[in-house]
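Novice:
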Amino acid sequence: MRIYWFALTKVAEIKKPKTDNTPRKTEKISNILASIYLLINLLLIVIFPFKNITVQILGFILVILGFVECVSARKTLDSNWTDSFEYQIKKKHELITQGIYKYVRHPIYGGILILTNGALIVAGSYTVIIFLIGMLLVLESYAKREEKLLTKHFGKKYIEYKKTTKKFIPFVY
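With the sequence shown counted from 1, adding 332 to any position gets you our numbering.
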């Protein structure tokens, strides 16, 4: 998935150059810590393990659903996409409200939330609960900052859009 993301980032950069906006240190650090935690769990160095094949199959289904949500969102955004912690408006930026964005404002964040927690369930760790709470807090802060920027840029159009969509997961939250 990272290779796919990297390739599409380069394409988006060519289509619509970014403005200058430096990511916050805390956002970079939280991404690094989350990646380390996931790596440890996915390498099966599991804390508080459980073994339940039915639950693990459900976790695998979550991985697939999260991946599909991320890829669908990324394709829909096309050249309007920027890295999550850059928070910027590109030249000729458009408010995307079709595709998965018809139902949810931050489907990439929601997809990542579903995918990573599904992966932790597959790994068989009860620590998924702790990770879910921490990740939700981080993604909430990302979304809050992003929505502030989008409201400033698109005004009433974005405020109306927020009223008709969920934040992360279609039809749920």
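We put the CB at the ideal spot given by N, CA and C, even for glycine.
(1) Glutamate 478 and isoleucine 432 look like a contact to me (Cβ under 8 angstroms); what is the Cβ gap, rounded to whole Å?
(2) Taking the alpha-carbon positions, what's the threonine 483 to alanine 405 distance?
(3) Rounding to the nearest angstrom, what Cα-Cα distance links asparagine 412 and glutamate 426 in this structure?
(4) What is the C-beta distance between phenylalanine 500 and glycine 442, in whole angstroms, given that I count them as a contact (C-beta under 8 angstroms)?
(5) To the nearest angstrom, how far is it from the Cα of lysine 489 to the Cα of tyrosine 435?
(6) How big is the Cα-Cα spacing for valine 387 and methionine 467?
(7) Spatial neighbours of histidine 485 within its chain, please: CB distance less than 8 angstroms, with the 5 preceding and 5 following residues excluded, ordered by chain position.
(8) If we require 4 or more residues per run, which alpha helix (DSSP H) segments fall completely within the segment 432 to 474?
Specialist: Taking the geometry as given:
(1) Going by Cβ atoms, the distance from glutamate 478 to isoleucine 432 rounds to 16 angstroms, so no, they are not a contact pair.
(2) Threonine 483 and alanine 405 have their C-alpha atoms spaced approximately 20 angstroms apart.
(3) Using only the alpha carbons, I get a separation of about 7 angstroms.
(4) About 3 angstroms separates the Cβ atoms of phenylalanine 500 and glycine 442, confirming a contact at the 8 angstroms cut-off.
(5) Taking the straight line joining both Cα atoms gives about 16 angstroms.
(6) Valine 387 and methionine 467: Cα-Cα distance of roughly 21 angstroms.
(7) Cβ within range, chain order: Ile421 and His425.
(8) With a minimum length of 4 residues, the continuous alpha helix (DSSP H) runs that stay inside the segment 432 to 474 are 439 to 455.
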